[in-house]
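Listed in order, the protein sequences are those of chains H and F.
In this text, residue positions in the first sequence follow my numbering: the first is 256, and each later residue adds one.
In this text, residue positions in the second sequence follow my numbering: the first is 256, and each later residue adds one.
Worksheet: the structure to be examined is printed underneath.
Protein chains: 2
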Amino acid sequence: MDERVREHAEVLVDWSARVDPGDRVVVSVAEDAHDLGVAVAEALGERGAAVTTLYGSEEMTRAYLKAHEDAAGDARGDGFPDPAVDRALFEAADVYLRLGGGRNTAGTADVDGDTRRSYAKARQAVREARMATDWVSTVHPTRSLAQQAGMAYEEYRDFVYDAVLRDWEALAGEMAEMKRILDAGEEVRIHTEREDAPDTDLTMSIAGRTAVNSAASVAYDSHNLPSGEVFTAPYDAEGEIFFDVPMTIDSTRVRNVRLVFEEGEVVDFSAEAGEDALASVLETDPGARRLGELGIGMNRGIDRFTDSILFDEKMGDTVHLAVGRAYDACLPDGEPGNDSAVHVDMISDVSADSILTVDGEVVQRDGTFRWEDGFGN
Amino acid sequence: MDERVREHAEVLVDWSARVDPGDRVVVSVAEDAHDLGVAVAEALGERGAAVTTLYGSEEMTRAYLKAHEDAAGDARGDGFPDPAVDRALFEAADVYLRLGGGRNTAGTADVDGDTRRSYAKARQAVREARMATDWVSTVHPTRSLAQQAGMAYEEYRDFVYDAVLRDWEALAGEMAEMKRILDAGEEVRIHTEREDAPDTDLTMSIAGRTAVNSAASVAYDSHNLPSGEVFTAPYDAEGEIFFDVPMTIDSTRVRNVRLVFEEGEVVDFSAEAGEDALASVLETDPGARRLGELGIGMNRGIDRFTDSILFDEKMGDTVHLAVGRAYDACLPDGEPGNDSAVHVDMISDVSADSILTVDGEVVQRDGTFRWEDGFGN
Numbered sequence: 256m257d258e259r260v261r262e263h264a265e266v267l268v269d270w271s272a273r274v275d276p277g278d279r280v281v282v283s284v285a286e287d288a289h290d291l292g293v294a295v296a297e298a299l300g301e302r303g304a305a306v307t308t309l310y311g312s313e314e315m316t317r318a319y320l321k322a323h324e325d326a327a328g329d330a331r332g333d334g335f336p337d338p339a340v341d342r343a344l345f346e347a348a349d350v351y352l353r354l355g356g357g358r359n360t361a362g363t364a365d366v367d368g369d370t371r372r373s374y375a376k377a378r379q380a381v382r383e384a385r386m387a388t389d390w391v392s393t394v395h396p397t398r399s400l401a402q403q404a405g406m407a408y409e410e411y412r413d414f415v416y417d418a419v420l421r422d423w424e425a426l427a428g429e430m431a432e433m434k435r436i437l438d439a440g441e442e443v444r445i446h447t448e449r450e451d452a453p454d455t456d457l458t459m460s461i462a463g464r465t466a467v468n469s470a471a472s473v474a475y476d477s478h479n480l481p482s483g484e485v486f487t488a489p490y491d492a493e494g495e496i497f498f499d500v501p502m503t504i505d506s507t508r509v510r511n512v513r514l515v516f517e518e519g520e521v522v523d524f525s526a527e528a529g530e531d532a533l534a535s536v537l538e539t540d541p542g543a544r545r546l547g548e549l550g551i552g553m554n555r556g557i558d559r560f561t562d563s564i565l566f567d568e569k570m571g572d573t574v575h576l577a578v579g580r581a582y583d584a585c586l587p588d589g590e591p592g593n594d595s596a597v598h599v600d601m602i603s604d605v606s607a608d609s610i611l612t613v614d615g616e617v618v619q620r621d622g623t624f625r626w627e628d629g630f631g632n
Numbered sequence: 256m257d258e259r260v261r262e263h264a265e266v267l268v269d270w271s272a273r274v275d276p277g278d279r280v281v282v283s284v285a286e287d288a289h290d291l292g293v294a295v296a297e298a299l300g301e302r303g304a305a306v307t308t309l310y311g312s313e314e315m316t317r318a319y320l321k322a323h324e325d326a327a328g329d330a331r332g333d334g335f336p337d338p339a340v341d342r343a344l345f346e347a348a349d350v351y352l353r354l355g356g357g358r359n360t361a362g363t364a365d366v367d368g369d370t371r372r373s374y375a376k377a378r379q380a381v382r383e384a385r386m387a388t389d390w391v392s393t394v395h396p397t398r399s400l401a402q403q404a405g406m407a408y409e410e411y412r413d414f415v416y417d418a419v420l421r422d423w424e425a426l427a428g429e430m431a432e433m434k435r436i437l438d439a440g441e442e443v444r445i446h447t448e449r450e451d452a453p454d455t456d457l458t459m460s461i462a463g464r465t466a467v468n469s470a471a472s473v474a475y476d477s478h479n480l481p482s483g484e485v486f487t488a489p490y491d492a493e494g495e496i497f498f499d500v501p502m503t504i505d506s507t508r509v510r511n512v513r514l515v516f517e518e519g520e521v522v523d524f525s526a527e528a529g530e531d532a533l534a535s536v537l538e539t540d541p542g543a544r545r546l547g548e549l550g551i552g553m554n555r556g557i558d559r560f561t562d563s564i565l566f567d568e569k570m571g572d573t574v575h576l577a578v579g580r581a582y583d584a585c586l587p588d589g590e591p592g593n594d595s596a597v598h599v600d601m602i603s604d605v606s607a608d609s610i611l612t613v614d615g616e617v618v619q620r621d622g623t624f625r626w627e628d629g630f631g632n
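What follows is the structure in structure tokens.
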């Protein structure tokens, strides 16, 4: 076994999930994540945890849902049965580790949208029980994910392990500095002037909001490995922003999005590809036209975009905004924040000709933070 | 997908497990049983059941147990933690379907025996909760199992589906006839005189005992697919018997076993290979030297021995005896029957030069039952 698989498992179990002896751990293993599953089982055996292993097979899920669709309308009714076993198992669990890495990222592509929604609705209580555990989601590098990223298999393995096998303690410290700045700040401005792209000049308020140090650990209320971003919940955006990082919305490739904000609301938008998908998001509800998140990517182990939000939004030299729902962790107690049925992230490359200021002070210039070497004035 | 995989899933779900709409079904999928898992998920979606999928990975189990061994003795103690999640999930389940079919039948070969026993002991309550469901165990034909059987992959697939895809209703009816004979009978005699093997002439009492029609369905209290045997709990064996079908006891190949019984107890034994393993079984406890089972194989879809007890003991033209523990289902209420920590099956080929009589009447001659064509006098 590649020694990095074992290191990945150790980061997941120790840094991310903080597994203690006696913990009841549920591990879900995707179709091609077996090697990581073996390494995680080994780490959990060493730590003295109890393990229950689920099989996260998208092909089995697809077969179940398609058969349900075909049988719907007959005597047994259209609904899904009570998922009492899944609920019971997550209610009894302390930790949930999801090991992604299937054989086909389009493995459930032909399942009807109504079926998905009805299935998700029937499983609401399962989801809540799962989210009440110390849960962490990661991926094992598979050929399917390499293909999605447009990379060779060995190349993609290097990419994933560079992102996952960080000095998380050090990165968490660096991100704590960014959190302090955002927590104390009142206004953020992103300003980019590049020859090859429309200008960005956007200001937004963050007064009273709390930033989250997303350091890939439940100890930081951060549930993805890799992570490496600091995010907060902005409001009252004014100005315009250009998102040049490719993304996929509801299976549609969307390119070069431009949003114009007035009094916190999107008043104009365009996209060079996928504009209809973007329009559909913005029309979901009133909250879909307002910001839910400002995130600052700080994981320098991620050096390229792979059309996977788990990696893209954490990349150093990027900032991202999401329209739609804000995270509760960023809001003062009792304040509702922006509400919406959607939360769609869009990413800007800020590696060149770009500044990020908080209350007029430059925090990042051309991708370099002010506490890093090479930050000039 | 081979259409037989789908037929296998349908037999399992409908004939064997009798799944109803709304049933909570736990499916355990071995490392190479994914195709059968997909077919079972499809069948369960059609039937309107709820599905929870476990991953039955022997390599993960081995990694967990070996890591536990290596860590034992440190501060956290030697014991296994409470498997509360597994217990909760089986307690919430109606049906458990185990889909065997790993990648290596020796996948846990280097796990220490004490570790296995300690793990099994810690999971006693899980096992009890699992046995309280309508459980069925089957196997998907894999290359690993083909290798164990000494067969080519395609050849082994044909072998498995011939055994599984029977007319179970018809076979259950035929087996009911055998059950009637055994339930009414008081004494069974097996008598074989072949030129190439030691003689068998064994009589045993079955008075007061109840035979089980093991028709591969929970409706018959039968939990393996394939099945196809009728068994009861004999006692007071007298005489000798020769078992010519190869078998494996605790990873040791055992060949050509001869047992001599007096007053129900083994008083002499021999084996051409593996005699020490046989001796070790017989010395376990007093019950290990007495009979726990007489079984009559009636599945004519199984046409050869494959060193897998799931198939071998069900084969038509065979009878088997087990030393050790008797099954409760064969005993009158309140009667203890033979008790032992072991239950080891041994099989005789009765296809030629052989008769099976019950109370002096010939029931099977040279492998042919008296209700079949070709049964002469």
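From the three backbone atoms N, C-alpha and C, an ideal C-beta is built for every residue, glycine too.
Determine whether the beta carbon atoms of residue i and residue j lie at a separation below 8 Å.
| i | j | result |
| --- | --- | --- |
| G579 of chain H | S595 of chain H | yes |
| D422 of chain H | R273 of chain H | no |
| V340 of chain F | L546 of chain H | no |
| D269 of chain H | V350 of chain H | no |
| G300 of chain F | A318 of chain H | yes |
| A348 of chain F | G311 of chain F | no |
| T458 of chain F | E495 of chain F | no |
| E262 of chain F | L420 of chain F | yes |
| V605 of chain F | T573 of chain F | yes |
When you compare the CB of residue i with every CB in chain H, is at least one pair closer than 8 Å?
| i | result |
| --- | --- |
| T623 of chain F | no |
| P453 of chain F | no |
| H289 of chain F | yes |
| P541 of chain F | no |
| P501 of chain F | no |
| D216 of chain F | Summary: the structure shown does not reach residue 216 of chain F, with chain F confined to residues 256 through 632, and so no result is reported for it. |
| G362 of chain F | no |
Taking Cβ positions only, does residue i come closer than 8 Å to chain F?
| i | result |
| --- | --- |
| A348 of chain H | yes |
| G355 of chain H | no |
| D367 of chain H | no |
| E383 of chain H | no |
| V281 of chain H | yes |
| A532 of chain H | no |
| H263 of chain H | no |
| A205 of chain H | Any question about residue 205 of chain H goes unanswered here, given that chain H covers just 256 to 632. |
| V340 of chain H | yes |
| G578 of chain H | Reading off the sequence shown, one finds Val at residue 578 of chain H, where the question assumed Gly. No - not a single Cβ of chain F is within 8 Å of the one on V578 of chain H. |
Kindly list the residues whose CB is nearer than 8 Å to the CB of residue i, restricted to its own chain and excluding five residues on each side of it in sequence; keep chain order.
| i | result |
| --- | --- |
| A330 of chain H | Interpretation of A330 of chain H is limited by its pLDDT of 49, a score under 50 that renders its predicted location unreliable; no figure is taken from the coordinates. |
| N593 of chain F | A488, Y490, G542, R545, L546, G547, G579, R580, A581 |
| L354 of chain H | V282, S283, V284, A285, A288, L291, G292, V295, G311, T393, V394, H395 |
| V276 of chain F | Going by the sequence as given, residue 276 of chain F is Pro instead of Val. Same-chain partners within the cutoff: R302, G303, A304. |
DSSP three-state call for residue i: helix, strand or coil?
| i | result |
| --- | --- |
| F667 of chain H | It is not possible to answer for residue 667 of chain H, since the shown part of chain H is limited to 256 through 632. |
| L267 of chain H | helix |
| Y416 of chain F | helix |
| I557 of chain H | coil |
| H323 of chain H | helix |
| I345 of chain H | The amino acid at residue 345 of chain H is misidentified as Ile; the sequence shows Phe. If DSSP states are grouped into helix, strand and coil, F345 of chain H belongs with the helices. |
| V613 of chain H | strand |
| Y310 of chain H | strand |
| L400 of chain F | helix |
| S563 of chain F | coil |
Only counting the same chain, and skipping five residues up and downstream in sequence, which positions put a Cβ closer than 7 Å to that of residue i?
| i | result |
| --- | --- |
| A418 of chain F | P481, N554, G556, I557, F566 |
| D438 of chain H | T465, A466 |
| R342 of chain F | A380, V381, A384 |
Who are the near neighbours of residue i in its chain, counting only those whose CB is closer than 6 Å to its CB and skipping five residues on each side?
| i | result |
| --- | --- |
| S472 of chain H | W270, S271 |
| A387 of chain H | none |
| H598 of chain F | G547, A577, G579, R580 |
When Cβ atoms are compared, which residues of the segment 593 to 618 of chain F fall closer than 9 Å to chain H? none
Selection of the segment 291 to 308 of chain H by Cβ proximity to chain F, strictly under 9 Å: G292, V293, A294, V295, A296, E297, A298, L299, G300, E301, R302, G303, A304, A305, V306, T307, T308
According to a CB-to-CB cut-off of less than 7 Å, which residues of the segment 400 to 426 of chain F neighbour chain H? none
For the segment 461 to 486 of chain F, which residues have a CB atom closer than 7 Å to at least one CB atom of chain H, in sequence order? none
Between the segment 308 to 329 of chain H and chain F, which residues of the former have a C-beta closer than 9 Å to a C-beta of the latter? T308, L309, Y310, G311, S312, E314, M315, T316, R317, A318, Y319, L320, K321, A322, H323, E324, D325, A326, D329
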